[in-house]
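One structure below.
Numbering (this note's numbering), first residue to last: 332 to 440.
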């Protein structure tokens with residue numbers, strides 16, 4: 332994504348959260364900083380480890396990881412969230428290090 336496109340997207344998100352009468356007055360750098368603070372509010376390493384994991388069995392063979400969109404292979408390492416959605420361990424750890432919600436149903440962790 333180009334820098335301008337990212338800036339425009341961020342500016343649009345901020346505008347949606349502010350009254351139309353307020354002036355944004357934010358620079359590109361300020362918008363990037365705002366986005367980084369928003370994005371980096373995920374789980375700690377200790378919390379990620381605490382989620383646990385398991386090996387996929389035959390019953391998981393027809394499932395897809397909704398993060399990487401690849402099929403689940405037999406004996407793949409998965410993590411199942413409280414909402415019961417399961418993902419590849421590497422995929423969900425990367426996701427949850429940035430966001431504190433399920434990527435499928437958005438339930439908070």
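Every residue, glycine too, gets a C-beta built ideally from N, C-alpha and C. It should be emphasised that the depicted structure is a prediction, and the values quoted were computed from it without experimental measurement.
Burial state of residue 399 (16 or more Cβ within 10 Å):
exposed
Helix or strand or just coil, what does DSSP make of residue 418?
Reduced to three states, the DSSP call for residue 418 is strand.
Contact between the segment 372-389 and the segment 397-411 is defined here as three or more beta-carbon pairs at a separation below 8 Å; is this criterion met?
Counting Cβ pairs under 8 Å, three or more are found: they touch.
Looking at the secondary structure, which residues open and close the beta strand (DSSP E) in which residue 379 lies?
Element bounds for residue 379: not the beta strand (DSSP E) but the alpha helix (DSSP H), 376-381.
On a CA-only basis, which of 415, 394, 337, 424 is nearest residue 481? Give me that one, please.
Coverage of the chain is limited to positions 332 through 440, which leaves residue 481 absent and any answer about it impossible.
Taking Cβ positions, are residue 422 and residue 435 nearer each other than 9 Å?
no
Which same chain residues end up closer than 6 Å to residue 335 when comparing Cβ atoms and leaving out the 5 residues on each side of it in sequence?
none
CA nearest to the CA of residue 432, picked from 381, 373, 361
373
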